[in-house]
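Here the protein sequences line up with chains A and B, keeping their order. Position 62 (the first sequence) corresponds to 62 in the working numbering; numbering is contiguous. Position 57 (the second sequence) corresponds to 57 in the working numbering; numbering is contiguous. For each residue, glycine too, the CB sits at the ideal point set by N, CA and C. Remember, predicted model here, so these are calculated numbers, not experimental data. Okay, structure first, notes after.
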Amino acid sequence: MELKIETKQLGEQMILLELTGEMDVFSSPVVKEGMTQAVEEGNHYLVIGMGEVRYMDSTGLGVLMGGLKRAREHGGNLCLLAPHHRVRRVLEITNLENVLQVYETLKEAQEGILVAERQGLT
Amino acid sequence: MKTVSSPWGESGCSEGMRLEFPARPEYVSVVRLALSGVCNLLQMPYDVLEDVKLAVAEACTNAIRHAYSGKDLAKARVSIRCYVGTEGLEVLVEDQGRGFDPDRVPKFNVERLTLKGEHLGVGLEMMRALMDRVEIHSGASGTVVHLVRSLDRQV
């Protein structure tokens, strides 16, 4: 299934990447490219809209973790916005619930992403 | 154990479903679609169906990523077989690649994932969390990943 990304600038260095589709071994590279481009353009705070992603595998998870790492290397951060419960299930079984920050509303995400503690990343 | 009749008749184990596909990433979604059909025939709840799809897709992804290389890639194929066995839904994911030693796959470690961006072993760990039994038989002529999910277990 095709994976689509829509972007919306939220602030000077903050961007929303709204994903629609399934994140698997075939489609996830699109997200990696999108996040890389966003960071290179100076958007070091990435809010990833996950409400329309009903399926994510370990490749998708790896891409999100890579995006978090890249954002933090630039002094920024990455968080997930309103993930579907199947995506939460993947975070839960891999014990990454406390590493990838999750917010239910855009307002919470915009505030939370700026005050996040660096958990396990340097 | 919940009694569920096999959608393939009384001789379910010998019939079941078999699917063979090129070892390429774009085919993993086809596998998921086929499995959805099978799980629907078994009247599995949505979340159980999704667990099975994810676990089998992880096994397929591992085969596609790691089993073949170089000149083998053009002809490389992966197959899945599934049937209702005595323990529930059983799925075998098979490749004819170079094989690996499952005991030498590093255990998934959050710290390593976050610090170095590595994710080796995550797929295997996920399969074990999602299914009731995961067995890997691997050698020089290929790998078989045997996944079992009870029809009784909920998420």
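One finds nothing in chain A with a Cβ atom closer than 9 Å to the Cβ of G37(B); even the nearest lies about 16 Å away. For the C-beta of T20(A), not a single chain B residue is nearer than 8 Å; the gap to the nearest is close to 15 Å. When the beta-carbon positions are compared, G34(A) and L17(A) come within less than 7 Å of each other.
Per the DSSP secondary-structure output, V91(B) pairs in a beta bridge with C82(B), L147(B). Boundaries of the beta strand (DSSP E) around V134(B): 133-139. Counting along the chain, L80(A) sits inside the beta strand (DSSP E) bounded by residues 77-81. Listed by position along chain A, the residues whose Cβ is nearer than 7 Å to that of L54(B) are D57. Closest in alpha carbon position to G21(A), among H84(A), V102(A), E52(A), A38(A), is E52(A). Judged by DSSP in its simplified three-state form, T105(A) adopts coil rather than helix or strand. Classified as exposed, Y46(B) has fewer than 16 neighbouring CB atoms from the shown chains inside 10 Å of its CB. Against V28(B), the close residues of chain A are D24, V25, F26, D57, in the order they occur along the chain (beta-carbon pairs closer than 9 Å). The C-beta of T143(B) comes no closer than 7 Å to any C-beta of chain A. If you compare the alpha carbons of R88(A), G49(A), M65(A) with that of Q110(A), the shortest gap goes to G49(A). Fully contained in the stretch 13-78 of chain A are the following beta strand (DSSP E) runs of length 3 or more, in chain order: 14-23, 45-56.
Annotation for I5(A): the continuous beta strand (DSSP E) segment containing it runs 4-9.
Straight across, the Cα-Cα distance linking R77(B) with V115(A) is about 48 Å. Boundaries for E97(A): no alpha helix (DSSP H) harbours it, and the DSSP string shows neither H nor E there. Under the DSSP definition of a beta bridge, E50(B) lacks any partner.
With a threshold of 7 Å between beta carbons, E58(B) makes contact with chain A. Going by C-alpha positions, V47(A) is about 17 Å away from L96(A). A check of alpha carbon separations from G75(A) across Y103(A), M14(A), P83(A) identifies M14(A) as the nearest.
Residues of the stretch 39-71 of chain A with a C-beta less than 8 Å from any C-beta of chain B: Y55, D57, S58, T59, L61, G62, M65, G66, L68, K69, listed in chain order. With respect to V28(B), V25(A) sits close: the two C-beta atoms are nearer than 7 Å.
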